[in-house]
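Undergrad:
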Amino acid sequence: MTHLQYGGERYEGRARIPVSRLTGKLETDRLLQQTIKRSFFRAACRATGQTPPWGSLTGIRPAKIVTRIFDGGGDRAAAEGILREVYSVTADRRRLCIDAAEAGLKARRDLGEREISLYVGIPFCPTRCAYCSFVSHSTEKSFRLVEPYLAALEEEIRRAGELVRQGGYRVSTVYIGGGTPTTLSAEQLERLLGRLSDSFDLSGLREYTVEAGRPDTITEEKLRALKAGGADRISINPQTMDDRVLAAIGRNHSTKQTGDAFLLARKAGFEKINMDLIAGLPQDSTEGFRDSLTRVLDMRPENITVHTLSLKKGSRLMLEGGNLPSAGEVEAMLDFASFRLRAAGFFPYYLYRQKFMSGNFENVGWTRPGFEGLYNIYIMEELQTILALGGGGTTKLVDPKSGRIERIFNPKYPYEYIAGIEAVLRNKARFLDFPQPAARS
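Per UniProt numbering, the very first residue in the sequence shown carries number 1; after that it's consecutive.
#1: Entirely within the stretch 182-242 and at least 4 residues each: give me those alpha helix (DSSP H) ranges in chain order.
#2: Taking only the alpha-carbon atoms, compute the straight-line gap between G213 and G365 and give it to the nearest angstrom.
#3: Pair every Cβ in the stretch 338-348 with every Cβ in the stretch 262-281, then say whether three or more of these pairs are closer than 8 Å.
#4: Using a Cβ-Cβ cut-off of 7 Å (strictly less than) and excluding sequence neighbours within five positions of R21, which residues of its own chain qualify?
#5: Alpha carbon to alpha carbon, what distance is there between F143 and S185?
#6: From D260 to E27, what does the alpha carbon distance come to, in whole angstroms?
#7: Return the CA-CA distance between L189 and K396, expressed in angstroms with no decimal places.
#8: Counting along the chain, where does the alpha helix (DSSP H) carrying Y375 start and finish?
#9: To the nearest angstrom, how far is it from the Cα of M357 to the Cα of Y415?
#10: Just to confirm my understanding: we take T182, look at its own chain, exclude 5 residues before and 5 after, and list those with CB closer than 6 Å. What are they?
#11: Between the Cα of Q354 and those of G322, E372, K312, spot the shortest distance and give me the residue it belongs to.
#12: Does the beta carbon of R233 fall short of 7 Å from some heavy atom of the ligand ATP?
#13: State the beta-bridge partners of D115 as determined by DSSP.
#14: In whole angstroms, what is the alpha-carbon distance linking P325 and H253?
#15: When the cut-off is 8 Å and only beta carbons count, does T35 lie next to chain C?
#16: With three or more beta-carbon pairs closer than 8 Å as the criterion, would you say the stretch 99-115 touches the stretch 238-249?
#17: Which same chain residues end up closer than 8 Å to F336 when comparing Cβ atoms and leaving out the 5 residues on each side of it in sequence?
#18: Pop quiz: I377 and G104 are said to be a contact at Cβ under 8 Å. What is the actual Cβ separation, rounded to whole angstroms?
#19: Tell me the rounded alpha-carbon separation between A247 and Q5.
#20: Could you pull out every residue in the same chain whose Cβ sits closer than 6 Å to the Cβ of G179, ignoring the five residues on either side in sequence?
#21: Does the stretch 145-156 touch the stretch 86-104, meaning 3 or more C-beta pairs lie closer than 8 Å?
#22: Kindly identify the DSSP beta-bridge partner or partners of T308.
#23: Taking buried to mean at least 16 other C-beta atoms within 10 Å of its own C-beta, is G168 buried or exposed?
#24: Just how far apart, CA to CA, sit L334 and A79?
#25: Less than 8 Å separating the beta-carbons of A159 and K412?
#26: Would you identify the three-state DSSP class for R93, choosing helix, strand or coil?
#27: Helix, strand or coil: how does DSSP classify V424 here?
#28: Can you list, in chain order, the residues of its chain whose CB lies under 8 Å from that of F434, leaving out five sequence neighbours each side?
#29: Taking 8 Å as the threshold (C-beta atoms), are G250 and A130 in contact?
#30: Note down, in chain order, each residue of its chain lying with its Cβ closer than 7 Å to the Cβ of V19, except the 5 sequence neighbours on either side.
#31: Please classify A43 as buried or exposed, where buried requires at least 16 other C-beta atoms within 10 Å of its C-beta.
#32: Where T51 and C45 are concerned, what is the direct C-alpha to C-alpha distance, given to the nearest angstrom?
#33: If you follow the alpha helix (DSSP H) that Q33 is in, where does it begin and where does it stop?
#34: Based on the DSSP secondary-structure assignment, which residues constitute the bridge partners of E406?
Written as structure tokens, this is what we have:
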């Protein structure tokens, strides 16, 4: 039982567990901690009059809880019960979580032995968005760094290719992210993708994604270079289809440019396109978000990722504030998204949460059947090693058998990465010291 003093009032929360379940010290400690947490959570809900949508869950990967339940022989009903009774997760979020976990298990079953993925970071953007604290540089201010950065990146790509061949790995997906990779010229993109093809055997790729991101950076020439270089999936991220909201967040593109970029991508032969929207942007409204989602659905992309605004440290929104929708408005946006996307034949295939999210909600990747973004599943469900190249990249070494994870960090900023490339190359050798990946059942 928890007694909580709040606002001059006393609130009580109760939680019980059968003594018969306390079977050993470790299990007893775990269950007692879980019970105390439930007791406090119930008292806090009574004190504040609020029940968070994700209940008492605080982790960024809630679907992993369901995965463990499935691995232990449980089914959807068992997962539903635990999320409801133990963690007080609301019905809509329970369904999201279970659906995402099932997509993760399917991806895991399909993985072969000794498969890894590559992440390549391009930490440059045309401008910095009001909500962003990502380690990236405006090309207007750091254009001189782009060429030396690419030269250093090519060195790391060459070295990583040697290590992958030496270890006998196979590359299953490539993800070029940022930043905004399409801040590079068509010639630079051609060079980058050519270096990747020369350094790695990409003949068995399941997916090759380039996060084109800003519609105003997408041209026919760049799309041709990406397609010729092997990319088969791109992300075009309007974030909103309201020009007024775009101006408020510091995006220089227009909604017309979003539509034009999408048509160019289809013309270039891209049959897998993701589009991002953000719920909770400054000056947006529930009606505005609904209109944005409807207009994006009308374009018929294969994936739509719905993010909840996260107030990140160092972002302009965190430092200066802004006219943000309320938590209730954000909830209405997300509820509409879930209803509308399911009605359009989409299902959630991965999700994650972040600190300081509006309303304590989530980010969800939605997909049409058969078009799941595999890299997103692999990294969020930690199914395989991700070898990260470039400034700000974090290599995640995953031992599928034990669940052990180690990380190798590259320097964050472009100039640090350029200056420290020799140390980066030496550090990459740790990749071969980690247990070899194997197939998972």
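The beta carbon of each residue, even a glycine, is placed where N, CA and C say it ideally should be.
TA: Put simply:
#1: 186-199, 220-228
#2: For the purposes of this step, residue 213 is taken as the residue at position 213 of the sequence shown. For the purposes of this step, residue 365 is taken as the residue at position 365 of the sequence shown. Answer to the nearest angstrom: the Cα atoms are 15 Å apart.
#3: no
#4: Translated into positions along the sequence shown, residue 21 becomes position 21. Once the five neighbours on either side are set aside, the close Cβ partners of R21 are L31.
#5: In the sequence shown, residue 185 corresponds to position 185, counting from 1. In the sequence shown, residue 143 corresponds to position 143, counting from 1. Roughly 12 Å separates the two Cα atoms.
#6: What you label residue 260 is simply residue 260 of the sequence shown in a count that begins at 1. What you label residue 27 is simply residue 27 of the sequence shown in a count that begins at 1. Near 57 Å, if we compare the C-alpha coordinates of E27 and D260.
#7: As a first step, residue 189 is located in the sequence shown; it is residue number 189 there, counting from the start. As a first step, residue 396 is located in the sequence shown; it is residue number 396 there, counting from the start. For L189 and K396, the distance between alpha carbons rounds to 25 Å.
#8: Within the sequence shown, residue 375 is the residue found at index 375, counting from 1. Residues 374-380.
#9: Walking along the sequence shown from the start, residue 357 turns up at place 357. Walking along the sequence shown from the start, residue 415 turns up at place 415. For M357 and Y415, the distance between alpha carbons rounds to 31 Å.
#10: As a working mapping, residue 182 is identified with position 182 in the sequence shown. Taken in chain order, the residues that qualify are A212, T217, I218, K222.
#11: In the sequence shown, counting from the first residue as 1, residue 354 sits at position 354. When only C-alpha atoms are compared, the closest one is K312.
#12: Of ligands this structure carries none, so the ligand ATP is not represented either.
#13: Start at 1 with the first residue of the sequence shown, and residue 115 comes out as number 115. According to the sequence provided, residue 115 is Glu. The question's Asp does not apply to it. In the DSSP output, where bridge partners are listed per residue, E115 has R170.
#14: As a first step, residue 325 is located in the sequence shown; it is residue number 325 there, counting from the start. As a first step, residue 253 is located in the sequence shown; it is residue number 253 there, counting from the start. Cα to Cα, P325 sits roughly 22 Å from H253.
#15: Here chain C cannot be found, since the structure has a single protein chain.
#16: no
#17: The residue given as residue 336 occupies position 336 in the sequence shown. Result list for F336: T286, F289, R290, L293, in chain order.
#18: Position 377 of the sequence shown, counted from the start, is the residue given in the question as residue 377. Position 104 of the sequence shown, counted from the start, is the residue given in the question as residue 104. Their Cβ separation, rounded to whole angstroms, is 5 Å, which keeps I377 and G104 in contact under 8 Å.
#19: Within the sequence shown, the letter at position 247 stands for residue 247. Within the sequence shown, the letter at position 5 stands for residue 5. Whole-angstrom Cα-Cα distance: 45 Å.
#20: On the sequence shown, position 179 is the one that residue 179 refers to. The answer, listed in chain order, is I122, P123, F124, C125, S136.
#21: no
#22: Within the sequence shown, numbered from 1, the residue matching residue 308 stands at position 308. T308 is bridged to A279.
#23: As a working mapping, residue 168 is identified with position 168 in the sequence shown. G168 is exposed by the Cβ-count criterion.
#24: Taking the sequence shown and counting its residues from 1, the one referred to as residue 334 is at position 334. Taking the sequence shown and counting its residues from 1, the one referred to as residue 79 is at position 79. In a straight line, the C-alpha of L334 is about 23 Å away from that of A79.
#25: Start at 1 with the first residue of the sequence shown, and residue 159 comes out as number 159. Start at 1 with the first residue of the sequence shown, and residue 412 comes out as number 412. The identity of residue 159 in the sequence shown is Arg, whereas the question assumes Ala. Result no, Cβ atoms of R159 and K412 do not sit closer than 8 Å.
#26: In the sequence shown, counting from the first residue as 1, residue 93 sits at position 93. In the structure shown, R93 sits in a helix (DSSP, three-state: H, G or I).
#27: To locate residue 424, count along the sequence shown from 1; it is residue 424. Correct three-state label for V424: helix.
#28: For the purposes of this step, residue 434 is taken as the residue at position 434 of the sequence shown. If we look at F434 and ignore the five residues flanking it on each side, its Cβ neighbours are T385, L397, D399, E406.
#29: The sequence position of residue 130 within the sequence shown is 130, counting from 1. The sequence position of residue 250 within the sequence shown is 250, counting from 1. For A130 and G250, yes; Cβs fall inside 8 Å.
#30: For this step, residue 19 is matched to residue 19 along the sequence shown. Excluding residues within five positions, none has a Cβ falling inside 7 Å.
#31: Translated into positions along the sequence shown, residue 43 becomes position 43. By the neighbour-count rule (16 or more Cβ atoms within 10 Å), A43 is buried.
#32: Against the sequence shown, residue 51 aligns to sequence position 51. Against the sequence shown, residue 45 aligns to sequence position 45. One C-alpha to the other measures close to 6 Å.
#33: As a position in the sequence shown, residue 33 is number 33, starting the count at 1. Per DSSP, Q33 belongs to the alpha helix (DSSP H) from 25-48.
#34: By one-based count along the sequence shown, residue 406 stands at place 406. Partner(s): L397.
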